[in-house]
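Below is one structure, written out as structure tokens, with a few remarks after it.
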Amino acid sequence: MNGIVAATLKKKCVPECTNREMEIHNKLLPGDNGGMRTSSSPQKNTGPHESSVEAAGADGREHELISAVSHELRTPLTSIRGALALVISGAAGILPDKARELLAIALRNSERLVQIVNDILDAEKIESGHMRMQVQPVALTPFLEQALAYNEPYAEKFNVRFKLQSVCSGAAVMADPDRLMQIVTNLLSNAAKFSPPQSEILLRAQLEGGKAVIEVEDRGAGIPLEFQSQIFEKFAQAPNSGAQKREGTGLGLNLSRQLVELMQGEIDFRTEIGKGTVFYLRLPIASQPHSEVM
Ligand SMILES: Nc1ncnc2c1ncn2[C@@H]1O[C@H](COP(=O)(O)OP(=O)(O)O)[C@@H](O)[C@H]1O
Ligand SMILES: [Mg+2]
817 MNGIVAATLK KKCVPECTNR EMEIHNKLLP GDNGGMRTSS SPQKNTGPHE
867 SSVEAAGADG REHELISAVS HELRTPLTSI RGALALVISG AAGILPDKAR
917 ELLAIALRNS ERLVQIVNDI LDAEKIESGH MRMQVQPVAL TPFLEQALAY
967 NEPYAEKFNV RFKLQSVCSG AAVMADPDRL MQIVTNLLSN AAKFSPPQSE
1017 ILLRAQLEGG KAVIEVEDRG AGIPLEFQSQ IFEKFAQAPN SGAQKREGTG
1067 LGLNLSRQLV ELMQGEIDFR TEIGKGTVFY LRLPIASQPH SEVM
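Going by this note's numbering, the letters in the sequence shown line up with residues 817 to 1110, in that order.
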């Protein structure tokens, strides 16, 4: 792929990597979570452990305020979302079509608000140094299978197909499994949002230079050159993202970068206008593999 933003990765898979194509169908509902950034603290690649970011010198009271407001918003919002979902499902009686349509719009907007509040809370936790990570060995194969199953609703919503292209059987990375799922969910949801209908999105893992690399490849429009340097900034959304832009907050990649750095990893992308984009995560390999995810 030309027009590459970061160093192109050499695809050198070790013998235990197996090529396989599989599609998993599942009806779980993921959220499009994502991110904000600070430097990471050193971690050892042994066994489960916790880490947190140093307080970034930000004003403590401002962080407390954001946190309190976000928490206060989340409880009523969750209740509104739950009530709307119940009414739409017919639990309170049959609704006229028009009423159901209007309530469905309200439900979608309440879900978006919950997502925004969760992203702001995560950003606040990172910036105030309160983000706690449970870094532990995460087996790649079951993790990637779960990531596809969990995100299948995005494939359905945007009429694209997710495929698991290759996995490194037996290999494990050192990561916080929930936060890693949040990052991969953001990458898959972005790929789904910014890809043409019917196109295929590939998820794969390979081992390179002592690291594990997880990649999400799409055949979308690519990332415009003038936007590439801002893509990991807070609230960054490309000006011409069109209708898909409304589906997100522009926090996802910012949070993803900060979270992956807390796991001693990296995130970057390579893109070609008109051809597509590959986002990749590079993570430390666990010395002793295996621990089922979630
Ligand atoms: N795979 C992709 N292809 C094209 N543009 C992308 C892709 N992933 C991200 N982007 C651009 O980067 C922006 C920021 O992404 P993100 O931080 O996840 O926020 P959000 O998904 O909430 O918009 C997107 O709005 C889009 O403009
Ligand atoms: Mg996103």
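Glycine included, C-beta positions come from ideal geometry on N, C-alpha and C. All values derive from a computational prediction rather than experimental measurement.
Quiz item: Is the segment 947-958 close to the segment 902-917, with three or more CB pairs under 8 Å?
Solution: no
Quiz item: Can the beta-carbon of ALA963 be found closer than 9 Å to that of MET997?
Solution: Residue 963 sits at position 147 when you count from the first residue of the sequence shown. Residue 997 sits at position 181 when you count from the first residue of the sequence shown. Yes. Within cutoff.
Exercise. Run the proximity test for SER1045: is its beta-carbon closer than 8 Å to any non-hydrogen atom belonging to ligand 1?
Key: Mapped onto the sequence shown, residue 1045 falls at position 229. No, Cβ of SER1045 sits at least 8 Å from all heavy atoms of ligand 1.
Self-check item: Range covered by the alpha helix (DSSP H) that runs through LEU1004
Solution: Position 188 of the sequence shown, counted from the start, is the residue given in the question as residue 1004. From DSSP, the alpha helix (DSSP H) with LEU1004 extends over 993-1009.
Quiz item: For PHE1010, does the count of other Cβ atoms within 10 angstroms reach 16, so buried, or fall short, so exposed?
Solution: If you number the sequence shown from 1, residue 1010 lands on position 194. Burial call: buried.
Quiz item: Heavy atom of ligand 1 less than 8 Å from the Cβ of PHE1095, yes or no?
Solution: Position 279 of the sequence shown, counted from the first residue, corresponds to residue 1095. True, at least one ligand heavy atom lies under 8 Å from that Cβ.
Exercise. Would you kindly report the start and end of the unbroken alpha helix (DSSP H) that includes VAL976?
Key: On the sequence shown, residue 976 is found 160 positions in, with the first residue counted as 1. Run containing VAL976: none; DSSP gives neither H nor E here.
Exercise. Measuring alpha carbon to alpha carbon, tell me which of VAL1032, MET947 and LEU1075 ends up nearest ARG1086.
Key: The residue given as residue 1086 occupies position 270 in the sequence shown. For ARG1086, the nearest C-alpha among the options comes from VAL1032.
Quiz item: Quick one: does the C-beta of LEU1069 sit closer than 8 Å to a heavy atom of ligand 2?
Solution: Looking up residue 1069 in the sequence shown gives position 253. The answer is yes for LEU1069.
Quiz item: Leaving out five residues before and five after ILE1089 in sequence, what residues of the same chain have Cβ atoms less than 6 Å from its Cβ?
Solution: As a working note, residue 1089 is residue 273 in the sequence shown. Excluding residues within five positions, the ones whose Cβ falls inside 6 Å are GLY1038.
Self-check item: Contacting residues, own chain, Cβ-Cβ under 6 Å from SER895 (five flanking each side not counted)
Solution: For this step, residue 895 is matched to residue 79 along the sequence shown. Result list for SER895: empty, nothing under 6 Å.
Self-check item: HIS879 to GLU940 span [Cα, whole Å]
Solution: The residue labelled residue 879 in the question sits at position 63 within the sequence shown. The residue labelled residue 940 in the question sits at position 124 within the sequence shown. So the alpha carbons of these two residues sit roughly 6 Å apart.
Exercise. Could you tell me which residues DSSP puts in a beta bridge with GLN952?
Key: On the sequence shown, residue 952 is found 136 positions in, with the first residue counted as 1. In DSSP, GLN952 forms a bridge with ALA991.
Practice problem: Could you tell me whether any non-hydrogen atom of ligand 1 is closer than 8 Å to the CB of SER1072? | Solution: Reading the sequence shown from its first residue, position 256 is the one you call residue 1072. At least one heavy atom of ligand 1 is nearer than 8 Å to the Cβ of SER1072, so yes.
Quiz item: Thinking C-alpha only, which one of GLU1024, GLY1064, ASP938 and ASP1034 is nearest ASP994?
Solution: The count along the sequence shown starts at 1 and reaches residue 994 at position 178. Nearest option by C-alpha distance: ASP938.
Quiz item: Is it right to say LYS914 is buried, meaning 16 or more other beta carbons lie within 10 angstroms of its own, or is it exposed?
Solution: By 1-based counting over the sequence shown, the position of residue 914 is 98. LYS914 comes out exposed.
Quiz prompt | Spatially closest choice to GLU1042 from GLY1036, LYS1050, ALA1054 and GLU1049, by CA coordinates | solution = As a working note, residue 1042 is residue 226 in the sequence shown. Considering only alpha carbons, the answer is ALA1054.
Exercise. Flag LYS1009 as yes when its Cβ comes closer than 8 Å to any non-hydrogen atom of ligand 2, and as no otherwise.
Key: Counting from 1 along the sequence shown, the entry for residue 1009 is found at position 193. Under cutoff, so the answer is yes.
Quiz prompt | Identity of the residue in ALA1028, ASP1034 and LEU1069 nearest GLN1046 by Cα | solution = The count along the sequence shown starts at 1 and reaches residue 1046 at position 230. Measuring from the Cα of GLN1046, the nearest candidate turns out to be LEU1069.
Practice problem: Check whether the Cβ of ASN1006 lies closer than 8 Å to any heavy atom of ligand 2, and answer yes or no. | Solution: Here residue 1006 refers to the residue found at position 190 when the sequence shown is read from its first residue. Yes, ligand 2 has a heavy atom inside 8 Å of this Cβ.
Practice problem: Using only the heavy atoms of ligand 2, determine whether one of them is closer than 8 Å to the beta carbon of ASN1002. | Solution: Counting from 1 along the sequence shown, the entry for residue 1002 is found at position 186. ASN1002 Cβ: within cutoff of ligand 2.
Quiz item: Where does GLN1074 land, buried or exposed, given buried means 16+ other C-beta within 10 angstroms?
Solution: The residue you call residue 1074 lines up with position 258 of the sequence shown. Buried, since its Cβ has 16 or more Cβ neighbours within 10 Å.
Quiz item: In the segment 1080-1109, which residue ranges form an unbroken beta strand (DSSP E) of at least 3 residues, counting only runs that do not cross its ends?
Solution: 1082-1088 and 1092-1100
Exercise. Please say whether PRO1012 and LEU1036 have beta carbons closer to each other than 9 Å?
Key: Position 220 of the sequence shown, counted from the first residue, corresponds to residue 1036. Position 196 of the sequence shown, counted from the first residue, corresponds to residue 1012. According to the sequence as given, residue 1036 is Gly; it is not Leu. The answer is yes: Cβ separation under 9 Å.
Quiz prompt | Contacts around LEU1003, its chain only, beta-carbon distance under 7 Å, and the 5 residues preceding and following it disregarded | solution = Position 187 of the sequence shown holds residue 1003. Cβ within range, chain order: VAL1032 and PHE1095.
Quiz item: Buried or exposed: THR891, going by 16 or more other Cβ atoms within 10 Å of its Cβ?
Solution: The count along the sequence shown starts at 1 and reaches residue 891 at position 75. With fewer than 16 Cβ atoms within 10 Å of its Cβ, THR891 is classed as exposed.
Quiz item: Which residues bound the beta strand (DSSP E) around ARG1035?
Solution: In the sequence shown, residue 1035 corresponds to position 219, counting from 1. Taken as a continuous stretch (DSSP letters only), ARG1035 belongs to no beta strand (DSSP E), as it is neither H nor E.
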